[in-house]
Amino acid sequence: MEVPQRLLMGPGPSNAHPRILAAQSLPLLGHMHPPFLKIMDEISDGLRYLFQTDSKYTLMVSGTGHAGMEAAIANLLEPGEKIIVGVNGIWGERVADLSERYQGQVITMNAQPGKTFSSAELKAAVAQHKPAILFLVQGESSTGTHQALGDGLGEACKAAGTLLVVDTVASLGGVPLFADKWGIDCIYSGSQKCLSGPPGAAPFFMSERAMDKLRSRKTKPATYNLDMNLIGDYWGWFGSRSYHHTGPVSTFYAMREALQIVADEGLDKMWARHLAAHQQLWEGLHSLGLQSYVENDADRLITVNTIKVPEGVDWAKVVKNAMDKYNLEIAGGLGPSAGKVWRIGLMGYNATPTNVALVIEAFRDGLKQQGKL
Ligand SMILES: Cc1ncc(COP(=O)(O)O)c(C=O)c1O
Numbered sequence: 046m047e048v049p050q051r052l053l054m055g056p057g058p059s060n061a062h063p064r065i066l067a068a069q070s071l072p073l074l075g076h077m078h079p080p081f082l083k084i085m086d087e088i089s090d091g092l093r094y095l096f097q098t099d100s101k102y103t104l105m106v107s108g109t110g111h112a113g114m115e116a117a118i119a120n121l122l123e124p125g126e127k128i129i130v131g132v133n134g135i136w137g138e139r140v141a142d143l144s145e146r147y148q149g150q151v152i153t154m155n156a157q158p159g160k161t162f163s164s165a166e167l168k169a170a171v172a173q174h175k176p177a178i179l180f181l182v183q184g185e186s187s188t189g190t191h192q193a194l195g196d197g198l199g200e201a202c203k204a205a206g207t208l209l210v211v212d213t214v215a216s217l218g219g220v221p222l223f224a225d226k227w228g229i230d231c232i233y234s235g236s237q238k239c240l241s242g243p244p245g246a247a248p249f250f251m252s253e254r255a256m257d258k259l260r261s262r263k264t265k266p267a268t269y270n271l272d273m274n275l276i277g278d279y280w281g282w283f284g285s286r287s288y289h290h291t292g293p294v295s296t297f298y299a300m301r302e303a304l305q306i307v308a309d310e311g312l313d314k315m316w317a318r319h320l321a322a323h324q325q326l327w328e329g330l331h332s333l334g335l336q337s338y339v340e341n342d343a344d345r346l347i348t349v350n351t352i353k354v355p356e357g358v359d360w361a362k363v364v365k366n367a368m369d370k371y372n373l374e375i376a377g378g379l380g381p382s383a384g385k386v387w388r389i390g391l392m393g394y395n396a397t398p399t400n401v402a403l404v405i406e407a408f409r410d411g412l413k414q415q416g417k418l
């Protein structure tokens, strides 16, 4: 196998922390062996800290962010129920598609790519439709926006009998998130971005209210693989433990170590480090005359930054030059931003001043080659 060493500064995966790669190479245990079950319990604890919750319902779904996404919808939406999906990039679009497949009645709320939803419009929509779920993406990695989630949105959802479900795949660990304080009911994420792990495990959280909904369903979730009653039982949510699937042992070791690294650094410091990397990046990019795709400062996602491609610049050549000359991955746009932006991920282990300086240098060089500096 030939695996080149590359610096991954696109929207993910990010480079894995060496401690996490080392943890992954530890000897296998049986997926029901007591020492392994203890590691799973420690993961649940680490996730409580990461999500800022006291809920007992935290675990890693065996699969990537999409598995977390499907688990959220398949378990919390019953056929015929309404779901409001905030769409301002491809992730909302996918959840709308997924919700239709689970026979939900989908109401999409659209915002222009690069914009977010105001809490007033979200609260008004929830009060009007009283849906089973309001779904939002905290960090829209296709457009680089950060959706605000506080400001009484959770209370408004609770008052309408609505569960607030949030995608944090591109944001968890990089920006503040308070599951309990903000009244969020279900969150999923991914291991390969701000948590600096390999892809393959999706941090997952449900509130007591979400669990009540799952318990009181009239029909079983239409998925066996992602039925949270069954997976929760493997993770010890209900006291006993039974086999549902063979937990991906090495991936769980990796996540145990990733959560230890989060705890060692502390969330406040981790959030501050990501913010500092974002500020450093934009100081450098502005000095090269580059501008953000997201116009409103408050809407900018600091973990995945979208940079407008200036008139007359071939974005793909800049990307290729970065890879060929610096072994550095930067990415183009996705969905509504395709061809219009570059995307720079500043996530986890990679969010350091040295890496950011290299990204800026790659832009300087790429633009110079096209006669734009
Ligand atoms: C915001 C967001 N949601 C969901 C996903 C899907 O995650 P995965 O590719 O791990 O399945 C991604 C992946 O980039 C993402 O950025």
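Note that the sequence shown covers residues 46 to 418 in this note's numbering.
For glycine and all other residues, C-beta sits at the position ideal for the given N, C-alpha and C.
Buried or exposed by the 16-neighbour rule on C-beta atoms within 10 Å, applied to residue i
| i | result |
| --- | --- |
| D342 | exposed |
| A67 | exposed |
| F283 | exposed |
| L418 | exposed |
| L104 | buried |
| P158 | buried |
| D313 | exposed |
| L335 | buried |
| A165 | exposed |
| A201 | buried |
| A116 | buried |
| D230 | buried |
| G57 | buried |
| R439 | Shown here, the chain extends from 46 to 418; a query on residue 439 therefore has no answer. |
| R345 | buried |
| M315 | buried |
Straight-line gap, residue i to residue j (C-alpha atoms, nearest Å)
| i | j | result |
| --- | --- | --- |
| V106 | M256 | 16 Å |
| R139 | L194 | 20 Å |
| E302 | I65 | 6 Å |
| E142 | Q325 | Sequence inspection shows Asp at residue 142; the Glu mentioned does not correspond to that position. Their backbone Cα atoms lie some 37 Å apart in a straight line. |
| I352 | A177 | 36 Å |
| V349 | F249 | 21 Å |
| A308 | V358 | 43 Å |
| T268 | H191 | 31 Å |
| A361 | L208 | 41 Å |
| W387 | D212 | 22 Å |
| G134 | T153 | 12 Å |
| H76 | L198 | 39 Å |
| H319 | L217 | 11 Å |
| G292 | A172 | 40 Å |
| S100 | E253 | 7 Å |
| N421 | S287 | In the structure as shown, the chain starts at 46 and stops at 418, and residue 421 therefore has no counterpart that could be examined. |
| A367 | L412 | 11 Å |
| Y394 | C239 | 7 Å |
| H331 | T98 | 38 Å |
| S236 | K160 | 26 Å |
| Q305 | L222 | 18 Å |
| D272 | N60 | 31 Å |
| V182 | I389 | 18 Å |
| W26 | A317 | One cannot answer for residue 26 here, as it falls past the ends of the chain, which runs 46 to 418. |
| K258 | G277 | 15 Å |
| T188 | L179 | 20 Å |
| V363 | F408 | 7 Å |
Delimiting residues of the alpha helix (DSSP H) encompassing residue i
| i | result |
| --- | --- |
| M251 | Per DSSP, M251 belongs to no alpha helix (DSSP H); it is in the beta strand (DSSP E), 246-251. |
| M461 | Lying before the first or after the last residue shown, residue 461 is absent from the chain, which here runs from 46 to 418. |
| L271 | It is not in any alpha helix (DSSP H) - L271 carries neither H nor E in the DSSP assignment. |
| T399 | 398-414 |
| C202 | 198-204 |
| L167 | 164-174 |
| Y338 | No alpha helix (DSSP H) contains Y338, which DSSP labels as neither H nor E. |
| Y94 | 79-96 |
| V364 | 360-371 |
| V140 | 135-146 |
| M114 | 110-121 |
Beta-bridge pairing of residue i - partner residues as DSSP gives them
| i | result |
| --- | --- |
| Y102 | Answer is none; Y102 lacks a bridge partner. |
| E328 | Its beta-bridge partners do not exist; DSSP assigns none. |
| R345 | T190 |
| A376 | R388 |
| C239 | Paired residue(s): none; C239 is not in a bridge. |
| L53 | E374 |
| L217 | V220 |
| E356 | E356 is not bridged to any residue. |
| S29 | Beyond the ends of the chain as shown, which are 46 and 418, falls residue 29; an answer cannot be given. |
Endpoints, the beta strand (DSSP E) within which residue i is located
| i | result |
| --- | --- |
| N350 | 349-353 |
| M40 | In the structure as shown, the chain starts at 46 and stops at 418, and residue 40 therefore has no counterpart that could be examined. |
| G65 | Strictly speaking, residue 65 in this sequence is Ile, with Gly absent from that position. Not the beta strand (DSSP E): I65 falls in the alpha helix (DSSP H), residues 63-69. |
| G131 | 127-132 |
| M46 | Element bounds for M46: n/a, residue is neither H nor E. |
| V211 | 208-212 |
| N155 | 150-155 |
| V182 | 178-182 |
| I232 | 231-233 |
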